[in-house]
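Here the structure comes first, spelled out in structure tokens, and everything after it is commentary.
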Amino acid sequence: MIDKALSKPASRAFAALLLGAVGIGFAPIFVRLSDVGPVSSAFWRIALSIPLLMLWLALRHMRRHPPKPPSAVLDPAVDAIGDLKAQGHKLLTRHRGLLILCGLFFAADLGLWHWSITLTSVANATLLANLNPVFVALFSFVLFKERFSGLFLLGLMAAMAGAIILMGVSLRFSPERLLGDGLGVATALMYAGYFMTASRLRAHIGALEVLLWTAIVTALALLPVAYGSGETLWPETPQGWLILWGLAVICQIMGQGLIIYALAHLPAAFSALSLLLQPVVASLAAWLLFAESMGGRELIGALMVLLGIGLARLSTLRAGKAGSLPLAPKDKGA
15 MIDKALSKPA SRAFAALLLG AVGIGFAPIF VRLSDVGPVS SAFWRIALSI
65 PLLMLWLALR HMRRHPPKPP SAVLDPAVDA IGDLKAQGHK LLTRHRGLLI
115 LCGLFFAADL GLWHWSITLT SVANATLLAN LNPVFVALFS FVLFKERFSG
165 LFLLGLMAAM AGAIILMGVS LRFSPERLLG DGLGVATALM YAGYFMTASR
215 LRAHIGALEV LLWTAIVTAL ALLPVAYGSG ETLWPETPQG WLILWGLAVI
265 CQIMGQGLII YALAHLPAAF SALSLLLQPV VASLAAWLLF AESMGGRELI
315 GALMVLLGIG LARLSTLRAG KAGSLPLAPK DKGA
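Residue numbers (our numbering): 15 to 348.
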């Protein structure tokens with residue numbers, strides 16, 4: 015039997031993972047262009063994705079289960095909505111705890127990162143939040159006894175070093191910034207928790223279902239935070255709404271959706287490491303759109319991130335040939 019790391023599903027998942035990283039890499043660009051606050055942007059990113067995901071699920075259900083025969087034009091849609099309600103009840107009954115936990119982890123990740131920026135430097139907050147691949151690897155080792163080759167660890171170190179160089183970070187810790195730095199580390203822990211729970215959920219639930227139900231929990235958790243933050247909550251212009259819809263479609267549905275899909279076919283630790291492509295994409299987009307600096311140092315950092323991802327991918331392929339690759343659980347749906 016061909017190992018997942020060498021199979022076509024794994025190859026498609028790797029491509030989806032990289033495309034997903036590109037999608038979420040545009041999140042800072044949309045947030046910067048938005049006329050609402052950063053936490054409010056995070057809320058709208060999630061909230062606006064929910065009706066689109068519900069529509070997508072309904073259309074998929076209608077395609078897979080056409081009515082026989084349709085008695086009226088609206089009957090297929092009504093039947094699809096009824097079936098989706100039944101499926102939703104079934105999912106919540108079986109996986110309620112993990113779905114709620116996954117959504118809360120994601121809400122905490124988004125909320126804590128924006129909070130940390132107000133209490134420490136942006137450089138510290140960004141770098142500490144990008145420690146999540148280290149925590150995912152650690153949790154995979156401690157909780158699931160996954161083992162990693164020297165080549166994978168070398169790739170992890172190269173990618174992390176590249177991210178540090180790319181972001182031009184010179185960490186400066188001080189007692190005044192201790193809380194903010196701690197929140198930056200907590201952000202990485204929360205995203206690692208989101209990643210691990212999403213990976214477990216993908217053993218039983220399709221990517222769209224995971225994305226929808228965690229989005230509902232995340233939006234409910236973020237709304238009071240955004241409202242209580244004192245930020246501008248409602249966009250004031252059509253352009254403002256367009257930017258938020260772009261954030262929802264490109265970063266959440268496409269970006270996170272492709273990442274969630276990939277988690278059923280690739281190890282969580284490797285997937286988390288590959289998401290360090292996100293700051294590379296964000297830097298390139300900022301260079302193209304805002305004429306921000308992209309000099310030799312940034313190019314070296316970007317190349318090191320790509321090298322690290324390549325080494326980690328090579329390690330999964332080698333481990334797959336040897337039959338020792340720690341894999342995500344068997345997928346139960348797209």
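For glycine and all other residues, C-beta sits at the position ideal for the given N, C-alpha and C.
Distance, residue j Cα to residue i Cα
i	j	result
Leu47	Met181	20 Å
Arg311	Met318	11 Å
Val148	Ala30	22 Å
Ser338	Ile323	For Ser338, the predicted structure reports a pLDDT of 45, less than 50, and the residue's modelled location is therefore unreliable. A value from the coordinates is still provided. Looking at the two C-alpha atoms, the distance is approximately 19 Å.
Phe304	Leu290	21 Å
Ala27	Ser288	12 Å
Leu133	Phe162	35 Å
Arg110	Ala326	33 Å
Cys265	Leu328	27 Å
Asn144	Trp127	10 Å
Val224	Ile274	8 Å
Leu193	Lys22	45 Å
Met171	Arg78	45 Å
Leu62	Leu237	12 Å
Gly298	Ala35	In the sequence on display, residue 298 carries Leu and not Gly. Cα to Cα, Leu298 sits roughly 13 Å from Ala35.
Val169	Leu313	Note that residue 169 is Gly in the sequence shown here, rather than Val. Going from the Cα of Gly169 to the Cα of Leu313 covers about 17 Å.
Reference residue i; option with closest CA among the options
i	options	result
Thr330	Ile114, Arg26, Ile314 and Leu165	Leu165
Thr251	Phe28, Phe40, Val50 and Leu112	Val50
Val45	Val36, Ala35 and Phe57	Phe57
Ala41	Ile314, Thr232 and Gly269	Gly269
Ala351	Trp70, Thr132, Val263 and Ser154	Residue 351 cannot be examined here, being either before or after the span of the chain that is shown, 15 to 348.
Trp70	Ser243, Met308 and Ala221	Ala221
Tyr241	Ile43, Ser55, Ala35 and Val36	Ser55
Ile43	Ile114, Met171, Ile60 and Leu302	Leu302
Arg191	Arg332, Ile131 and Lys159	Ile131
Neighbourhood of residue i by C-beta, 7 Å cutoff - its chain only, sequence neighbours within 5 removed
i	result
Leu33	Leu272
Leu88	With a pLDDT of only 49 at Leu88, under the threshold of 50, the placement of this residue in the model should not be trusted, and no figure is reported.
Ala175	Met318
Pro249	Asp49, Val50, Trp255 and Leu258
Leu118	Val231 and Ala235
Ala86	Annotation note: pLDDT 48 at Ala86 (below 50); position unreliable, no value reported.
Asp195	Thr134, Asn138, Leu142 and Phe187
Gly374	It is not possible to answer for residue 374, since the shown part of the chain is limited to 15 through 348.
Same chain only: Cβ atoms within 6 Å of residue i, ignoring 5 sequence neighbours per side
i	result
Leu226	Leu67
Leu157	none
Gly39	Gln292, Val295 and Ala296
Met308	Trp301
Sequence-distant residues of the same chain with beta carbon closer than 8 Å to residue i, five excluded per side
i	result
Phe209	Asn146, Val150, Leu277, Ala282, Ser285 and Ala286
Ile178	Leu141 and Gly315
Glu245	Val50, Gly51, Pro52, Val53 and Ser54
### Query
Unbroken beta strand (DSSP E) runs of length 3 or more, entirely within the stretch 212-273: which are they?
none
### Query
Would you say the stretch 59-75 touches the stretch 282-302, given that touching needs at least three Cβ pairs under 8 Å?
no
### Task
State whether the stretch 195-210 contacts the stretch 118-125, with contact taken as three or more CB pairs (one from each stretch) at a distance under 8 Å.
yes
### Query
Considering only residues of the stretch 159-207, which uninterrupted alpha helix (DSSP H) runs meet the minimum length of 4 residues and lie entirely inside it, listed in chain order?
164-181
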